[in-house]
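Written out below as structure tokens is the structure these notes cover.
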Amino acid sequence: MIGLSHYLILSAILFSIGLVGILRRRNILMLLFATEIMLNATNIAFVAISDNYGDLTGQMFAFYIIAIAASEVAVGLGLLIVLYKRHGSLDLDDLASMRG
Amino acid sequence: MFENFIASLMTVEGFAFYLFSILTIGLFLVTVLSKNILYAMTSLAAGMILISGFFFILGADFLGVIQIIVYVGAIMALYAFAMMFFDATRNIKENNTNAPLVFILGGLSALMLVMMFAAPIHSDAIVALYPMTEGVGNVQDVGMVLFTKYLIPFEVAALMLLVAMISGIILAGKKMDNSLTEDTSADDEILITKDEK
């Protein structure tokens with residue numbers, strides 16, 4: 001039988017895949033993709049817990065997470081376009097202007 | 001343990017869960033590890049559709065439909081439009097320093113998360129705040145809770161989406177970063193065209 005822990009473990013694995021993507025990639029567009037993966041992983045956990053306890057609050061939170069992801073993509077892509085016009089590259093190493 | 005796995009594969013829910021989870025993990029791994037942005041975007045879109053399958057299994061029909069419409073219909077279309085500005089067909093060249101360190105860190109955090117989530121929950125104090133109503137569909141149930149208990153967050157989310165839309169237009173649009181009313185060169189252009197007439 002598929003229980004709550006199955007879904008939570010799947011969510012943890014997907015979240016870690018997104019985390020590896022954030023740590024490993026140097027392209028900002030790929031960082032946005034990895035953020036989407038992490039947001040989706042949390043959504044699965046929220047909906048699974050909501051189903052387990054018969055509570056609608058988890059689904060509400062997942063709903064707002066989707067709204068936040070949509071606005072994040074709109075603003076993030078706008079900023080990426082401005083960056084690409086200005087620097088001609090999306091690589092984080094090229095964009096590092098402050099040599100710390 | 002193994003008999004349990006085989007028995008759960010025989011049920012519809014178990015078969016769908018294992019099929020969807022293997023496919024989702026594989027597709028998201030392609031997204032994270034691929035060198036080509038188009039491959040990454042396509043596999044991300046496919047993974048999003050499969051995640052809506054989980055929502056349908058869990059009885060959250062409305063959220064599953066929203067997942068398909070918003071993520072695959074809107075967000076992925078937005079990414080696809082943004083591809084026109086970037087050179088998407090070329091492979092990305094990245095210098096990935098310390099790849100073993102990244103995988104060790106990711107693996108350790110995965111292990112920690114799995115151990116946290118797999119731990120049994122010992123509490124009787126957890127009760128449903130807004131319990132699901134019997135004999136009412138998921139869409140109606142979500143609507144009733146969303147428009148009574150979560151009305152103000154809903155309005156704030158609408159405002160947030162408006163702000164995001166305006167900022168997206170201003171950032172991506174041409175010549176949107178300078179004000180038209182304070183721009184004196186625009187006045188000169190208008191005067192010149194008037195003089196020419």
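Protein chains in written order, with the numbering used here: chain A, 1 to 100; chain B, 1 to 197. Cβ coordinates follow ideal geometry from the N, Cα and C atoms, glycine included.
Item	Value
Let me know the secondary structure DSSP gives D87/B once reduced to three states.	coil
Would you verify that the beta carbon of R86/A is, or is not, closer than 7 angstroms to some beta carbon of chain B?	no
Please name the residue, chosen from L162/B, L161/B, A164/B and A157/B, that lies closest to F61/A on a Cα-to-Cα basis.	A157/B
When you compare the CB positions of F20/B and Y84/A, do they come within less than 7 angstroms of one another, or not?	no
At which residue ranges does the segment 27-62 of chain A contain complete beta strand (DSSP E) runs of 3 or more residues, listed in the order of the chain?	none
Can you give me, in chain order, the residues of the segment 47-66 of chain A that have a beta carbon less than 8 angstroms from any beta carbon in chain B?	V47, A48, S50, D51, Y53, G54, D55, L56, T57, Q59, M60, A62, F63, Y64 and I66
In chain order, what residues of the same chain have a beta carbon less than 6 angstroms from the beta carbon of T133/B, not counting five sequence neighbours either side?	D141
Where does S52/B land, buried or exposed, given buried means 16+ other C-beta within 10 angstroms?	buried
For Q59/A, collect the residues of the same chain with a Cβ closer than 8 angstroms to its Cβ; drop the 5 residues on either side in sequence, then sort them by chain order.	F46, V47 and S50
Using a beta-carbon distance below 7 angstroms, is F147/B in contact with chain A?	no
Along chain A, in chain order, which residues have C-beta atoms closer than 7 angstroms to that of M165/B?	A74
In whole angstroms, what separates the C-alpha of L29/B from that of V12/B?	26 angstroms
Under 7 angstroms, do S16/A and G106/B count as touching if we go by C-beta distance?	yes
Pick out whichever of L23/A, T57/A, I2/A and A12/A has its Cα sitting closest to the Cα of M115/B.	A12/A
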